[in-house]
Each structure stands twice: as structure tokens, then as C-alpha cells.
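J.: I'd like to ask some things about the structure below.
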Amino acid sequence: MIDSLGTVVLALLPILAPVFAIAGLGYLWVKGGFNFDTRQVTDLVSRIGAPCLIFTTLATLESPAALAIDVALAAILMILGAMIVGAVTLPLVGLSRRTFLAPLMFPNSGNLGISICLFAFATAGLELGIVYFTVTATLHFTLGVLIWSGSANPVALLRTPFPYAVAAGLAVLLTDAAMPQWVLATTSLLGGIAIPLMLFTLGATIANFHIMRISRTARAVAMKYAVGLLLAFGVTELLVLEGVARGVVLIQAVLPTPVFAALFAQHYRRSPDEVASVVVVTTVASLVLVPIMLTYLLLP
């Protein structure tokens, strides 16, 4: 029993220690009274770091294109499936669709997802994790904004660098164009700031959130993980995903609600305190659920 536990710890430590250590530093930084401009850092990551990471990954993609397409399709099915199930079931448990549907649909595939996929599955995991994140970010800034605001605003997506980074990366990949080495070196270096800053910002942001209305929060969190796990296992079976691709999709099911959900809720005045509570509780829950999922995926 002790040997088995030691094996689990040794397998998970290299994956989880960097992720939670950096997020923990962000949390302690804010709790220690040090200033952290969350908005400015978020803008830096979302407008420069993450787009450069997406472009570089797509332009130099080593995973088979068919596999990347399967993961993108899995992301779409997961998000749309959660939307349909949530739209039907949320009112049945006394929760507002406008407030809780988007937090149910979208995982934190950026801050945590990319990092965990990288450390769990190396380069292949990073590539497929970024594919999943790209789909999630695109849908959150379109379908998600529609849910939060109650009106469609596709221009919101066009104001972000994500679609242009995706288009440029795919153009290089599909045409097999030879990019100047200095371009790839520059975007790779800029993309390198994304993962540590996203993790640090996650911890710093969580430090300012508080748990409100425990009963409603508990119901929302339970629904998120129940729906996510059922959809993840169903989608991976439907698409016959195996290996790293299956692992990347299943990990999304145990990731927390993204911090962006709380920011959208605040912007559109959709019970931001309750959404922030969901972000906090799901983030804490992920400390348990992510190791369990990784144990299931990586150990015989």
C-alpha cells in the first residue's frame, strides 16, 4: 500500500508541483499585501503572451492534424453539450441560466489546462491543450458573451488577437511556409511568458475572491463536475480518442471555472459574487480532482 502511494506521489509531483507552486505564489503575493495589477497582467497575457503561444504552437505543430481536429471537435461537443444539459437542468435545481450556464460550460483550459497538459504529456500535451484552449477561448468570447449579455456581439471576438493568431498559425501550418527563424524565436519567447503569468494571475485573483451563498455554490459546482465528467467520457468514446488526446479531453472535465467567468459576470452584472464563489470552490476542488484524474490516466 505504501509503495503504491509512493508511486502515485512520484508520478504526480513533477506534473502538479510547478502548477500549484506558481499559482500559490500568486495567492501568497496578494495575501502578503504586495501590489498586483491583475487587469494589466491579464491584458499582457491575453493580447501578447497567449496569442504568441497559440501562433507558435500551430505554426510548428508536430501532432497529426487529424488528431488536433478531433480534439477541437471534442471541445466543441463538450461545451455545446454542457450548454444543452445546463439549460435544461439548472432551473430544476433553482439556479439561473444567465448566471450559472457559462460557468458550467467553460473550463479553465488556459491558466491550468495548458500547464497540466504540458507537464503530464510533454510537447504533445501542450499542443493539444492549446488546441482545446483556442476553441474554448473563441467560444467564450462569442457564445459565452451572448449568454452573459443576452445579445450577440461577434465584434467582441474580433477585438481580441485570438482569431488572428489562430489564422496565422494555421496558414503557416497548412501551406508549410518557411517562417523566418527570428519570427518564430520572437513569438516563442513572448509565448513563454503566458503559462507562468497565467498561473500566477490565477492565484492572485483567487486571493481577492470570497465564497458567498454556500448552498447555491455547492449545487453549481456539483453540476459542473457531474456534467463535465459524463460528457468527457462520452465524447472520448464517441470520437474514439486514445492516448494523449483522450487524456487532454478528460482533464478538462476536472478543471475549475475560469477567472474570466467572474470578470464577465461583473461586467454584465450577473451575480458576480456568486460566480466568483464558483471559481474559488472549483479551483479548490481541482486540487483533489486533478490528481485523481491524472492517477487514472497515467498509472496502470
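To convert, take the position in the sequence shown, counting from 1, and add 338; that gives the numbering used here.
Just so you know, even glycine gets a beta-carbon here, dropped at the ideal spot from N, CA and C.
All values reported here derive from a predicted model rather than from experimental measurement.
(1) Just to confirm, is the Cβ distance from Ile468 to Ile452 under 8 Å?
(2) Hey, out of Tyr634, Leu496, Asp408 and Val618, whose CA is closest to Leu329's CA?
(3) Report the rounded CA-to-CA distance for His605 versus Ala516, giving the unit in angstroms.
(4) For the structure I just gave you, are there three or more beta carbon pairs, one from the region 411-420 and one from the region 435-452, closer than 8 Å?
(5) Which of the three DSSP states, helix, strand or coil, is assigned to Asn446?
(6) Is the beta carbon of Ile353 sitting closer than 8 Å to the one on Pro534?
(7) Use the C-beta contact count for Asp514: other C-beta atoms within 10 angstroms, 16 or more gives buried, fewer gives exposed.
(8) Given a cut-off of 8 Å on the beta-carbon distance, is the pair Phe547 and Ala614 in contact?
(9) Would you mind sorting Trp486 into buried or exposed? The rule is 16 or more other CB atoms within 10 Å of its CB.
(10) Considering Cα atoms alone, identify which of Arg584, Pro610, Glu612 and Ile552 is closest to Leu632.
(11) Can you grab the Cα-Cα spacing for the pair Val597 / Val622, in whole Å?
(12) Taking 6 Å as the limit between beta carbons, can you name the residues of its chain near Val619, skipping five residues before and five after?
(13) Residues in its own chain within less than 6 Å of Phe358 by CB, not counting five upstream and five downstream?
(14) Quick one: what's got a C-beta closer than 8 Å to Met339's C-beta in the same chain, skipping five residues either side?
(15) Identify which residue in Gly432, Trp367 and Ala503 has its Cα closest to the Cα of Ser384.
(16) Could you check if Asn373 is buried or exposed, using at least 16 other CB atoms within 10 Å of its CB as the buried criterion?
(17) Beta-carbon separation of Thr395 and Glu465 under 8 Å?
(18) Pull up the CB-CB distance for Gly541 and Leu391, whole angstroms please, since I reckon it's below 8 Å.
(19) Give the range of the alpha helix (DSSP H) segment to which Phe372 is assigned.
(20) Just to confirm my understanding: we take Leu593, look at its own chain, exclude 5 residues before and 5 after, and list those with CB closer than 7 Å. What are they?
T.: Inspection of the coordinates gives the following:
(1) Position 130 of the sequence shown holds residue 468. Position 114 of the sequence shown holds residue 452. Taking C-beta atoms as the reference points, Ile468 and Ile452 count as a pair closer than 8 Å.
(2) Residue 329 falls outside the range modelled here, since the chain spans only 339 to 638, and no answer is possible.
(3) Within the sequence shown, the letter at position 267 stands for residue 605. Within the sequence shown, the letter at position 178 stands for residue 516. Approximately 42 Å between the Cα atoms of the pair.
(4) A contact between stretches requires three or more CB pairs, one per stretch, nearer than 8 Å, and the region 411-420 meets this requirement with the region 435-452.
(5) Here residue 446 corresponds to residue number 108 of the sequence shown, with the count starting at 1. Three-state DSSP puts Asn446 in coil, outside helix and strand.
(6) Walking along the sequence shown from the start, residue 353 turns up at place 15. Walking along the sequence shown from the start, residue 534 turns up at place 196. At the C-beta level, Ile353 and Pro534 stay beyond 8 Å of one another.
(7) Start at 1 with the first residue of the sequence shown, and residue 514 comes out as number 176. When all chains shown are included, Asp514 counts as exposed.
(8) Position 209 of the sequence shown, counted from the start, is the residue given in the question as residue 547. Position 276 of the sequence shown, counted from the start, is the residue given in the question as residue 614. Judged by beta-carbon spacing, Ala614 lies within the 8 Å limit of Phe547, meaning their Cβ atoms are closer than that value.
(9) Along the sequence shown, one-based indexing puts residue 486 at 148. Buried is the call here.
(10) As a working mapping, residue 632 is identified with position 294 in the sequence shown. With distances taken between Cα atoms, Leu632 lies closest to Arg584.
(11) Residue numbering aside, residue 597 sits at position 259 when the sequence shown is read from its first letter. Residue numbering aside, residue 622 sits at position 284 when the sequence shown is read from its first letter. Spanning the two alpha carbons is a distance of roughly 13 Å.
(12) Taking the first residue of the sequence shown as position 1, residue 619 is located at position 281. Within the same chain, Cβ atoms closer than 6 Å to the Cβ of Val619 are found at Thr555 and Val559, the five residues on either side in sequence being excluded.
(13) Here residue 358 is taken as the residue at index 20 of the sequence shown, counted from 1. Excluding sequence neighbours, Phe358 sits near nothing in its chain.
(14) Walking along the sequence shown from the start, residue 339 turns up at place 1. Low local confidence applies: a pLDDT of 45 at Met339 is under 50, so the model's placement there is unreliable, and no value is given.
(15) Here residue 384 refers to the residue found at position 46 when the sequence shown is read from its first residue. Across the set Gly432, Trp367 and Ala503, the C-alpha of Ala503 shows the shortest separation from the C-alpha of Ser384.
(16) Counting from 1 along the sequence shown, the entry for residue 373 is found at position 35. So Asn373 ends up on the exposed side.
(17) In the sequence shown, residue 395 corresponds to position 57, counting from 1. In the sequence shown, residue 465 corresponds to position 127, counting from 1. Between Thr395 and Glu465, the gap from beta carbon to beta carbon is short of 8 Å.
(18) As a first step, residue 541 must be located in the sequence shown, where it is residue number 203. As a first step, residue 391 must be located in the sequence shown, where it is residue number 53. About 19 Å separates the two Cβ atoms, so there is no contact after all.
(19) For this step, residue 372 is matched to residue 34 along the sequence shown. Here Phe372 belongs to no alpha helix (DSSP H), and DSSP marks it neither H nor E.
(20) Indexing the sequence shown from 1 puts residue 593 at position 255. Closer than 7 Å at the Cβ level, and outside the excluded window around Leu593, lie Pro445, Asn446, Ser447, Leu450, Gly451 and Ser624.
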